[in-house]
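To start, the structure itself, in structure tokens.
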Amino acid sequence: MKFTLGGIQTAAKEFWKQAEGKTIFAFHGEMGSGKTTFIHALCDEKKVQEMVGSPTFSIINEYVFSEDNKEKKICHIDLYRLSDADEAVRAGVEDCLYSGNICLVEWPERAPGLFPEDTVHIYIEVMDSQTRKLQIGRN
């Protein structure tokens, strides 16, 4: 799927339709490709109650949203500052991944082997300053 930054909310809505039933998403892409921006659009679509910036320093941000009259959580995880899977485990990432919550993970390649087999991998590529290509698959 290709999307422009101006049409990012439409892309996020379509993403959630395609992702029905999945909970763990690993976002791959170069620095500045739009991983955090797209994750924010995904959270906007879920109407999270309070969102903060990227969890680059906190590693994990949790956001609350309502769906089917139930309170649910999204874990936004940024592994950029971590060196390996052991460090990710110590930071609580593994607990999030197996919590049943939706997990949106940036820089998953920092902790290979930590992700469940059914993780959905999303690859974001910069086409030009306003356009991104998003490919969804499994690793």
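Under the working numbering, think of the first position of the sequence shown as -16, with each following residue one higher.
Beta carbons are placed, not taken as given, at the ideal position from N, Cα and C, and that holds for glycine.
Helix, strand or coil: which one does DSSP assign to residue i?
i	result
R115	strand
A24	helix
V72	helix
F98	coil
Nearest-angstrom Cα distance between residue i and residue j?
i	j	result
E70	T39	14 Å
I22	R73	24 Å
S112	V76	32 Å
S49	C26	11 Å
E128	L87	This structure does not reach residue 128, given that the chain is present from -16 up to 122, and the question cannot be answered.
K125	V109	Only positions -16 to 122 of the chain appear in this structure, which leaves residue 125 out of reach.
I105	Q32	25 Å
Taking the alpha carbon of residue i as the reference point, which residue from the options has its own alpha carbon closest?
i	options	result
L65	H11, K(-4) and A94	A94
E(-3)	G15, A24, D78 and H104	A24
Could you check how far apart the C-beta atoms of residue i and residue j are, in whole angstroms? I think they sit under 8 Å.
i	j	result
M(-16)	L117	5 Å
Check whether the Cβ atoms of residue i and residue j sit closer than 9 Å, and answer yes or no.
i	j	result
H11	K18	yes
V30	I85	Note that residue 30 is Lys in the sequence shown, not Val. Cβ distance not < 9 Å, so K30 and I85 don't count as in contact.
T114	F(-14)	yes
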